[in-house]
Each structure stands twice: as C-alpha cells, then as structure tokens.
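Have a look at the structure below before the remarks.
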Amino acid sequence: MMTKAELGPHVSMVLGSVIFVVFVFSLHLHLLVVAFVADDAELANAMAGKLHEQCDLFKGEWIVNPVGPAYTNESCEFIEPARDCITNGRPDTKYLYWKWKPYGCELPLFNAKKFLNSMQNKSWVFIGDSIIRNQLLSLLCLLSKAAEVVRDETFKSSIWHFPSHNFTLGAVWTPFLLKASDEAYNITVHLDILASRWTSQYNDYDYVVISSGHWFFKTAVFFENDTIIGCHHCSRANLPNLPELGSDFLYRKALQLAFRFILSSDHKPLVLFRTWTPDHFEFGRRSSGGVCNRTKPYKEGEFSGDDWDHLMRGVEIEEFEKAVAVGTQNGTRIRLLDTYHLSLLRPDGHPGPYYRFHPDLRTRTYNDCLHWCLPGTLEAWNDIVMEMVLNEGDLMYSS
C-alpha cells in the first residue's frame, strides 16, 4: 500500500491526464458545435479533422503561360464573330499567354475529359446577358476538344448536347433577369416579375450559372403592378416628369426577386452566381471615343475600377450574402463565382476595335471594352468553375 507521500504524485499524474482528456474532448466538441451553429455541413467536416488545403481562388495574380490557349479561333467553331479577335485582325497575341495563379495554391487548367466524365447525365444552364454567353462559349470551346457537340438553337435560347456523355449545356438570354421587352430601344421592364424565359426552365437543370447587371445602365421605363414607377435616363426616353431610378436600385430589386425565386424553389441545383464584370474604357466611354488598347495585365494595385463598379459590386455582394444566409437553412446551394478582381486586372483581354472584321483604324471607330476575346481571359473563369464544382468542399472560397 502507498503512503500519502507516495500517492500524491500518482494522483496528480492521473488527475492531470483526466484534465487533459477532458480538455481535448471539450475542444473537439466546441469545434463541432461552432460548425453546427454555422449550419454548414462542410464546415463541420472540416472542423472535425477533415481540413483540406485552404485557398482563395479569387485572390492571386496573372502569370505567364508559355503553353498558350487551350483552343484557337481555328479549332473552335463556337466563337462568335464579335469575340473572334484574331480573325478580326488583332495584331498582338501576348494576351493569349497568361494564366490565373491564386496565392498559395495551384489552379489546374481546365480538363475537358475529366469535366465531361464527371457530368455524365447532367445538365447546365447559363442565365443572363451577353457576358454570360461569352463565358458559355469559352466553355463550349474547351469541351468541344474532347467530345462531339450537337447544337439546337432557338430564339433567345440555345442548347448544346454531348451525346457521348448525355450532357447538356443551355443558355437563356435574359439581361435583366426580369420580364422585359425585347427591343434594343424603348425598353420596358417589370421590377416585380421575373422573366419566364428562365424561371420556366429552372427545374430542368442540375447546375445554374447566373449573372446580370450591365443592362440596368440602359435607357428603360420600369413598372411595378403594371404601373410606371420611373425610368433610367428619363430625359433620353422623353419622359422628364417621371422619377429617375438609379442603376444600383434597379439591380438590387432584380437580384432580390431572383434570389427569392431560387431560395423558394423545391428544385435545388448548384447555383453559381457570377459577379460583376468590369469594363476597361479609357479616355471616354464607348460612345465618346473610349479605348482599351493595353497589351498586358495590370499589376495588383495599378487599377481599382471605377465608382460604378464598386457600387454595383457592393449591391450584389450584399444581396448574395443575404441569400446564402437563408440558403444554409433550407438546403439551397448558392456559391459565389467571384471573377471580378481577376478580370479587373485584364485590360488587354477585350476586343477593342476588333469586334469587327479588320476595322479601319484611320477613322473613328467604336471599341468593345466590356466583352472578352476568345480565347483569352475567360478560360480562367472556367478553370475556376471546374475547380469549384468538382472539388466542392475541398477548398475555402471567399465571399
């Protein structure tokens, strides 16, 4: 039998071990509770000891890619003339030899075979304006290297089938996301009604990429409850007595309605909300002689965008975060495809005057400093899409 003197150290040692075990268990339990409170199963797994490499795909830099683009204007039949900068005579090609490099990790280049194999019997739809179509056509060019594509195009929407994988890509043209007239001028928009062109097809798709915004700068008349409530650029619409509605107010209304629909739907696809796309007009706007003739990316801090970029991006981030808070409660999966910053650094990626076939640069010509040459910058968008979708849960994405 031990004496008190001999027992003391033994008890202290046992007691210390018990305290340590209790501490470890409490810490483990605390982490799981934190994750549960966050209502995020992915976070719960991570905190339970399944942490993977943490990497913000949207913070990084453009580095030289000597391999060059994954496809060319000759190898892809899906490049629309206004985005086919090489065929249209753009003389410089250095803009083709860059790739996006996130800080702290590698972003694999798009792998068409891997993507298609993962999307057997699946379907995607891209919903929005001409920039979302710009991205879709980049994806089509990447995928068409690996499989046959069959096209079925109708008014304002398109569908491409990949028979070998029973995979479908769809595009729905709806630049406001709202019910609107199809005219380029004298536009009317209903702020309280979503465009049925996309809502009627929403349940047909497993993956949804959605974006909007720039059309809210256009001259248009806006309705609620079938009553005119105001306009944007009222003087241009010859309606000077109507209230002038700001683009940010209109964009917010559209996003709120769109997110409400997505959140309330019983259908739960994976939704990628692609963020605001900056333009790079310098020395004016499109109608006043603005150009975008730079031939290499900006370095970090060299350009921060304009005030409208910041305003519209602020609106969408606020509304996205509200939507995600609700989505975590009801199983709606909404992810932020935050291409804004990496695109901000690419003033060299636009068609400029080469949205037209061999423009006469001796005369004044319009420049396209909003859309993107194909191939070019947008392949990085799709590199990120593939990484997000095929490895969801493996990386931590910023919002």
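Numbering-wise, our numbering comes out as the position in the sequence shown, counting from 1, plus 2. Virtual Cβ for every residue (Gly too), placed ideally from N, Cα, C. Being a predicted model, the structure only gives us computed values, none of them experimental.
Cα atoms of Pro361 and Ala260: separation of roughly 39 angstroms, rounded to the nearest angstrom. For Ser140, the three-state secondary structure derived from DSSP is helix. Boundaries of the alpha helix (DSSP H) around Lys115: Ala114 to Ser120.
The Cβ-Cβ distance between Glu318 and Leu257 falls below 8 angstroms. When secondary structure is reduced to three states using DSSP, Trp383 falls in the helix class.
Of the residues assessed, Asn384 falls on the buried side of the cut-off, its CB having 16 or more other CB atoms within 10 angstroms. The criterion of a C-beta distance shorter than 8 angstroms is satisfied by Ser140 and Glu381. The beta carbon of His167 lies closer than 6 angstroms to those of Leu118 and Gln122 in the same chain, with the five residues before and after it left out. Closest option to Cys143, judged by alpha-carbon separation, among Ala72, Phe178 and Phe169: Ala72.
For Ile195 against Phe275, the beta-carbon gap comes to about 20 angstroms, at or over 8 angstroms, which does not count as contact.
The residue among Tyr356, Leu272, Tyr99 and Val66 with its C-alpha nearest the C-alpha of Tyr209 is Leu272.
Note that the region 182-189 does not touch the region 200-214; fewer than 3 beta-carbon pairs, one per stretch, sit closer than 8 angstroms. In the displayed model, Thr229 falls within a strand according to three-state DSSP. Residues Gly292, Val293 and Cys294 of the same chain have their beta carbon placed closer than 7 angstroms to that of Glu284, with the five preceding and five following residues left out of the count.
Taking the C-beta atoms as reference points, Val174 is found no nearer than 8 angstroms to Phe164. Taking C-alpha positions only, Cys236 is separated from Val211 by approximately 32 angstroms. In the displayed model, Lys181 falls within a strand according to three-state DSSP.
For Ser249, the CB contacts under 6 angstroms within the same chain, skipping 5 residues up- and downstream, are Phe218 and Phe219 in chain order. Assignment of beta-bridge partners to Lys101 by DSSP yields Ile65. Under the DSSP assignment, Val174 falls outside any alpha helix (DSSP H), being part of the beta strand (DSSP E) whose first and last residues are Phe169 to Trp175.
In this chain, the beta strand (DSSP E) harbouring Phe128 covers Ser125 to Gly130. Residue nearest to Leu346 within the set Pro355, Asp311 and Arg358 is Asp311 (criterion: CA-CA distance). In the structure shown, the three-state DSSP call for Thr201 is helix. The Cβ atoms of Pro280 and Gly316 lie no closer than 8 angstroms to each other.
A direct Cα-Cα distance of roughly 14 angstroms separates Arg262 from Thr330.
When the five nearest sequence neighbours on each side are left out, the beta carbons in the same chain lying within less than 7 angstroms of the beta carbon of Gly378 are those of Tyr97, Leu98 and Gly351, in order along the chain.
Fully enclosed alpha helix (DSSP H) runs of no fewer than 4 residues occupy 309-332 and 342-346 of the region 278-363, in order along the chain. Note on Thr229: under 16 other CB atoms within 10 angstroms of its CB, so exposed under the neighbour-count rule. Under DSSP, His192 forms a beta bridge with Lys181 and Phe225.
In terms of Cα proximity to Ile81, the closest of Leu241, Gly130, Lys255 and Leu138 is Leu138.
Cα atoms of Ala327 and Arg92: separation of roughly 45 angstroms, rounded to the nearest angstrom. Straight across, the Cα-Cα distance linking Glu246 with Asn67 is about 47 angstroms. Our two residues, Leu313 and Arg254, have alpha carbons roughly 11 angstroms apart in a direct line. Beta-bridge pairing by DSSP links Tyr209 to Trp126 and Leu272.
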